[in-house]
Structures are given as C-alpha cells and as structure tokens.
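This report refers to the structure that appears directly beneath it.
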Amino acid sequence: MFERFSPLLFSILCFGIAVLYIPIVVLIGYSFNASELVNVWGGFSTAWYTELLHNRQILNAAALSLEVGVVASTGAVILGTLAAIALTRYRKFRGRLLLTGMVNAPLVMPEVVTGITQLLLFVSMLQFFGWPHRGFTTIVIAHIAFCTAYVTITVQSRLMSADRSLEEAAMDLGSGPVRAFCEITLPIIAPALAAGWLLSFTLSLDDLVISSFVSGPGASTLPMVIYSKVKLGLSPDVNALASIIICVVGGCVILAGYFMRRADRRRQLEIQMADR
Amino acid sequence: MNVGAEALAPRHRRSGRELMERYGHWLIILPPLLFLIIFFLIPFAFALKISFAETAIRVPPYTDVLAITSDKHIQLSLSLANYKYLLTDEVYAVSYMYSLRTAFFSTLICLLLGYPMAYAMSRSSKATQNILLLIIILPFWTSFLLRVYALEGIIRENGLLNTALLRFGLIDHPLKIMRTTLAVYLGIIYSYLPFMVLPLFATLEKLDNTLLEAAADLGNPPWRAFLDITLPLSMPGVIAGSMLVFIPAIGEFVIPSLLGGPDNLMIGRVLWDEFFNNRDWPVASAVAIAFLVLLVGPIALYQHYNVKGMEV
Numbered sequence: 064m065f066e067r068f069s070p071l072l073f074s075i076l077c078f079g080i081a082v083l084y085i086p087i088v089v090l091i092g093y094s095f096n097a098s099e100l101v102n103v104w105g106g107f108s109t110a111w112y113t114e115l116l117h118n119r120q121i122l123n124a125a126a127l128s129l130e131v132g133v134v135a136s137t138g139a140v141i142l143g144t145l146a147a148i149a150l151t152r153y154r155k156f157r158g159r160l161l162l163t164g165m166v167n168a169p170l171v172m173p174e175v176v177t178g179i180t181q182l183l184l185f186v187s188m189l190q191f192f193g194w195p196h197r198g199f200t201t202i203v204i205a206h207i208a209f210c211t212a213y214v215t216i217t218v219q220s221r222l223m224s225a226d227r228s229l230e231e232a233a234m235d236l237g238s239g240p241v242r243a244f245c246e247i248t249l250p251i252i253a254p255a256l257a258a259g260w261l262l263s264f265t266l267s268l269d270d271l272v273i274s275s276f277v278s279g280p281g282a283s284t285l286p287m288v289i290y291s292k293v294k295l296g297l298s299p300d301v302n303a304l305a306s307i308i309i310c311v312v313g314g315c316v317i318l319a320g321y322f323m324r325r326a327d328r329r330r331q332l333e334i335q336m337a338d339r
Numbered sequence: 002m003n004v005g006a007e008a009l010a011p012r013h014r015r016s017g018r019e020l021m022e023r024y025g026h027w028l029i030i031l032p033p034l035l036f037l038i039i040f041f042l043i044p045f046a047f048a049l050k051i052s053f054a055e056t057a058i059r060v061p062p063y064t065d066v067l068a069i070t071s072d073k074h075i076q077l078s079l080s081l082a083n084y085k086y087l088l089t090d091e092v093y094a095v096s097y098m099y100s101l102r103t104a105f106f107s108t109l110i111c112l113l114l115g116y117p118m119a120y121a122m123s124r125s126s127k128a129t130q131n132i133l134l135l136i137i138i139l140p141f142w143t144s145f146l147l148r149v150y151a152l153e154g155i156i157r158e159n160g161l162l163n164t165a166l167l168r169f170g171l172i173d174h175p176l177k178i179m180r181t182t183l184a185v186y187l188g189i190i191y192s193y194l195p196f197m198v199l200p201l202f203a204t205l206e207k208l209d210n211t212l213l214e215a216a217a218d219l220g221n222p223p224w225r226a227f228l229d230i231t232l233p234l235s236m237p238g239v240i241a242g243s244m245l246v247f248i249p250a251i252g253e254f255v256i257p258s259l260l261g262g263p264d265n266l267m268i269g270r271v272l273w274d275e276f277f278n279n280r281d282w283p284v285a286s287a288v289a290i291a292f293l294v295l296l297v298g299p300i301a302l303y304q305h306y307n308v309k310g311m312e313v
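Heads up: the sequence lines are chains A and B, in that order.
Here the working numbering is used: the first residue of the first sequence is 64, the next is one more, and so on.
Here the working numbering is used: the first residue of the second sequence is 2, the next is one more, and so on.
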C-alpha cells in the first residue's frame, strides 16, 4: 500500500542525507588540496596537516579543549547520573519539578543567554570570594552545567527500562542498597553512562558561544581559535583541522555504537539463556 | 539532622540504616540540584540585577545596584535606562522580529523536509533503519561550528555549487549566496535537520500499523489514512522536533555571524556585539533578560510536552 509513495519518499530521504553529508565530504577533499585557492585543484598534498603540527596556537587550544572536555564530561556524568536516579527512583521530593525543569532547560536555552548569565555570576563570585578566575575553571563549570542535562536524559531513559526487581531481589538477599545498585543496575546502565560521557565530550569540544563568554584572557579553546580564523578569512589549515576532528569523532561514535550494541546483544542472550 | 531526629522520636531509636533509608535519597538528589541551582539558575538573578546597572569604566564594567554606603545603609540604585533603550532603539525590536521570522520559516522547511525523511525511515526494514539512524545521528555528533564552516565551502562565491553550475553552463555569473538571508536559512536548515528528524522518527516508528491496515480495509485511500491517523498520532514528534529547531534557531549566533551579511541581525548576534564589541554589559544583560521573557512561551510549551512525555 505504501509502495506508490516509495520513490518520492526515497528520493527525499536521499536528498536530505546528501544535504547533510556533501559539505563534510567536500571539506575533507579540500583539506588535501595543495593549492591555497579553494576553487583550483593543485594536486594532492598533506601540507596543511604538517602545518598544523607547527602551529603552537592551535596545539595549545587543542590541549585546553581536550582537558576541559575530559574534566567537564566526567563531572557531568557523575551529576547527570545522580539526577537521573533521583528523577526515576524518587517520584516525590521537594524540588523535583525544579530539577526536571533545570535538566530540560539547557537543551533549549539560547547559548548566548546561558553564556552571559554565567559570566555575570562568575564575575560577581570573583568580587566576593576571590574565586573562580576566568579561564579553565569557569569553562569547566559552565560546560558541566549544560552537559549534565544531556547525561541525565540519556541515563534516565535507560534507567526507566531497567528492571528494578533484580535490584530488589539482591536487597532481599541481604545486600545493601549501594551494593545492590553497583552490582545490578550499574552494569545495565553502563552503556548509557558511556554514551552520556561521549556526548558531553563532543558537546564540550564543540562549544564556542558559552566558552567565549566565560573564558578569560589567554584561555582560548579550539572552537574559539577556529572561529576567529574563519572570521578573518580563508585559512586552509582549518580544513585539515576540521577533517581530523570530524573523522576522529565520527570514528569514535561508530565504534562506540558498535561495541554498545554488541554488549547489549550479549546481555540479551544471557537473559534468554538464564530464562531457559 | 541526626541529633534532631533522635530528639524528636526518642522512643523509636533509629539505627544508621533507618536514617539512611529516610534521608539517604538526599545524598543523591542534592549534588545535581545544588550545582544546577548555583550555576544555572542563580546566574539569571545576577543578569537581572546587572540589567538595572549602568555602564562604568571599571572592573567589572558596571555600577553597583546594591551597595553598602559608608554610614552602613544599604543603597539600591535601579536604573531602567537599559530597558528604555531597548524600547527606543529600534535595532532590538527589528532583530527580535527578524530572529522570530527566520526561526519560524527555517523550522517549517525543516519540518517539510524532515517529515518525509522520518516517514521513509520508519517504513524501511529494521536493518536499514539502524543504518539510516546512524547516518542521521552522525552529523548531530560532529562539530556544529565545523559543519557551518563546511557549508561555507559549498555556497561561497567560488565554492562547489557555483563552480558546478558554471561548469554545466546553468548560470553565467556566480550566484551570491554568502552574506545573504538565503545563506542564513540554508545554514539553519542544514545544521538543525537531524534535530527535526530524530523525534519525528521516534514517534512514527511506534505507530501502530494495524490502525492503517484497518483504515485501508474500510476503503480509505492512503492519503486519507495519513491525514486521519498518521499525522495526528505523530503530533508529539512534530511539536518536539519543531521546538528543538525553533527555540535554538531564534538565539542562533554562529550561523548569522559566519554566513549572514551585516543586515542579518539576529538577536543572538546583537547580544554578542553588545557584549564583546561595545563592552556594554548592562545593556547586554537587559537584552538577555528581555529575550528570555519573550522565550518563556515556547520553552513552556516544550517543557509541557517533554515533561508529560517523560512521566508516561
């Protein structure tokens, strides 16, 4: 019955996917262009990649971004998992509505607004307490705040589908709630924690607007450097840098997805075996 | 807390375990709750406060709203000048309306393109579905900034699109797309399309096929079944997807800044310029607060559907 629609639907789907991918493919192609002019193909070259390795500004920014990403996503996974447990396990507590709202708001809050409000908080805190100085610390705190939201939502959906009776059985058999959680539920939600960490890491690595607001002099993350380079005009080494980032992130996501699916399938198989 | 509980109920001696059971959940709730209150909610109060201040040449660059004078009186000096300025200088109203219009039409185009995509995905076999899902999700993971930059490579004057069109003789002169309104639309649609497709796919995938079969058995043509069954049942996905595109698109900064021209003033860009170029923190705060007030409607709508969806 849907066959009649298929060719049209199929071509729209292909068109949409093409729209999503062509610019990225073209960008990666350009990064191997020996010519500095974008519309002239000057032959295959990896010169822009070697140039990256000698650019101290980009290397420093990349180091800062990676450092911020690791710390912020680890913090976000801890806070986000706690928030997800709170929202799924405790149906009623004071502040539940507030927590739900604060977990969902960063997903739709314009970054410029979050950025400027957080900066004003940090500036006022510095005036009163002498902490935190704008730079690494403030970027990490700001990133934790918005990444927590994404982790909470990722973990929450997994927790909801997790079978709580196993944990209750463990508690009936005498293990404490913490131990029961760590041994039963934690392995089940582990893929969601990994996904949440990875998502936070890429979001943190990508953030331009919030970092620009809360960062101080001398602390430039990779997106801030890329933005100013792009804004100034053409710089072919950005093509090389962008290709590296896109390929590494894309590769990691595909690999992580593959391993998570495999682990999931194995768990399902074990459950089936146990049922038999 | 410990001592208080003992004193209130001396007859029921509470063991550590009981206390843990009673109050233990706060150990889980409090860390994220406090962190988000301090670093996400309270900042808005500071922005509100500073929006009533005036610019000053000092560090930080604004006057005190609340101050303790030398004779130990608390002095409150509110200045409404910033808000008056927002109302009188028409740049703000114009940019806000422009942002709304741009976000609305981009969302509409995303919906028109994304709905058939999600529909086609939901009709395909499970194995194809997984691959398609990965293909749609992957750009969502790759850097937003870099994707906007990649789009520039296609649409700029000597980019791929113009080179190809000239080569095939379809145009005589390169099309001017960069630094125009069209570029901003293309940028938003390109960047936000996955946000539209994913929630739509999630609702369409769950759709009960037997309803459609029943409609067909009763002699309804497919378009009728689509309008009467599929479309209404996929409304939650339509709303979620639209809000996920519309709300961030209003506040978009990167796209109008990199792809748009000087007259593509979106509110996010105005706020950024006010802050970084004019270094006028109080006016930037006032813009942020006014923007937020105007966003309350769409955000509440999104929250309403989202929270309801999560409770089910």
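In this text, a Cβ means the ideal position worked out from N, Cα and C, and glycines have one as well.
Cα-Cα separation, residue i to residue j
| i | j | result |
| --- | --- | --- |
| B:Leu162 | A:Val176 | 35 Å |
| A:Leu189 | A:Ala305 | 35 Å |
| B:Ala54 | B:Pro44 | 16 Å |
| B:Ala289 | B:Leu272 | 7 Å |
| B:Leu166 | B:Ile172 | 6 Å |
| A:Glu230 | B:Met197 | 37 Å |
| B:Ala46 | B:Pro175 | 50 Å |
| A:Arg324 | A:Ala212 | 24 Å |
| A:Met234 | A:Ile317 | 37 Å |
| B:Ala215 | B:Asp229 | 12 Å |
| A:Ala208 | A:Leu129 | 17 Å |
| B:Phe277 | A:Val272 | 12 Å |
| A:Arg227 | B:Leu194 | 36 Å |
| B:Leu260 | A:Leu249 | 45 Å |
| B:His26 | A:Tyr321 | 35 Å |
| B:Met98 | B:Ser107 | 14 Å |
| B:Leu20 | A:Phe192 | 35 Å |
| A:Tyr112 | A:Pro299 | 10 Å |
| B:Lys73 | B:Phe292 | 36 Å |
Sub-8 Å separation of residue i and residue j beta-carbons
| i | j | result |
| --- | --- | --- |
| A:Ser136 | A:Ser274 | no |
| A:Ile75 | B:Met267 | no |
| B:Tyr303 | A:Val171 | yes |
| A:Thr144 | A:Val214 | yes |
| A:Ser94 | A:Arg197 | no |
| B:Pro237 | B:Thr211 | no |
| A:Ile148 | B:Ala285 | no |
| B:Lys179 | B:Glu153 | The sequence shown places Met at residue 179 of chain B, rather than the Lys named in the question. Yes, these two residues count as a Cβ contact at 8 Å. |
| A:Pro286 | B:Gly252 | no |
| A:Leu222 | A:Thr163 | no |
| A:Ile289 | B:Leu146 | yes |
| A:Val293 | A:Ile202 | no |
| B:Leu67 | B:Leu77 | yes |
| A:Glu96 | A:Ser108 | Note that residue 96 of chain A is Asn in the sequence shown, not Glu. Going by C-beta atoms, A:Asn96 is nearer than 8 Å to A:Ser108. |
| B:Pro32 | A:Val186 | no |
As assigned by DSSP and simplified to three states, the class of residue i
| i | result |
| --- | --- |
| A:Ala282 | coil |
| B:Ala54 | coil |
| B:Asn83 | helix |
| B:Asn279 | coil |
| A:Phe264 | helix |
| A:Tyr84 | helix |
| A:Asp107 | The question names Asp, but residue 107 of chain A is Phe in the sequence shown. In this structure, A:Phe107 counts as strand in the three-state DSSP scheme. |
| A:Leu271 | coil |
| A:Asn302 | helix |
| B:Tyr63 | strand |
| B:Ala68 | strand |
| B:Val313 | Reliability of the predicted coordinates at B:Val313 is poor, the pLDDT of 38 falling under 50, and the value obtained from them is presented with this limitation in mind. It is coil, neither helix nor strand. |
| A:Asn167 | helix |
| B:Asn221 | coil |
| B:Leu37 | helix |
| A:Asn118 | coil |
Neighbourhood of residue i by C-beta distance below 6 Å, restricted to the same chain and skipping five residues each side
| i | result |
| --- | --- |
| B:Asp218 | none |
| B:Pro257 | Val185, Asn265, Met267, Arg270 |
| A:Ser69 | none |
Proximity test, residue i beta-carbon vs the ligand COA heavy atom, cut-off 7 Å
| i | result |
| --- | --- |
| B:Glu214 | Of ligands this structure carries none, so the ligand COA is not represented either. |
Neighbourhood of residue i by C-beta, 7 Å cutoff - its chain only, sequence neighbours within 5 removed
| i | result |
| --- | --- |
| B:Tyr116 | Leu201 |
| B:Asn83 | Ser52, Pro283, Val284, Ala287 |
For the segment 75-160 of chain B, list the alpha helix (DSSP H) runs that are entirely contained and at least 4 residues long, ordered along the chain. 82-89, 91-124, 127-142, 145-156
Every unbroken alpha helix (DSSP H) within the segment 154-216 of chain B, with a cutoff of 4 residues, ordered by chain: Runs found: 161-168, 182-206.
Taking only runs that begin and end inside the segment 236-270 of chain B, name each unbroken alpha helix (DSSP H) of 4 or more residues, in chain order. Runs of alpha helix (DSSP H) with 4 or more residues, each lying fully within the segment 236-270 of chain B, are found at 236-251, 255-259, listed in chain order.
For the segment 188-259 of chain A, which segments carrying the alpha helix (DSSP H) assignment without a break, of at least 4 residues, lie completely within its bounds, in sequence order? 199-224, 227-235, 240-243
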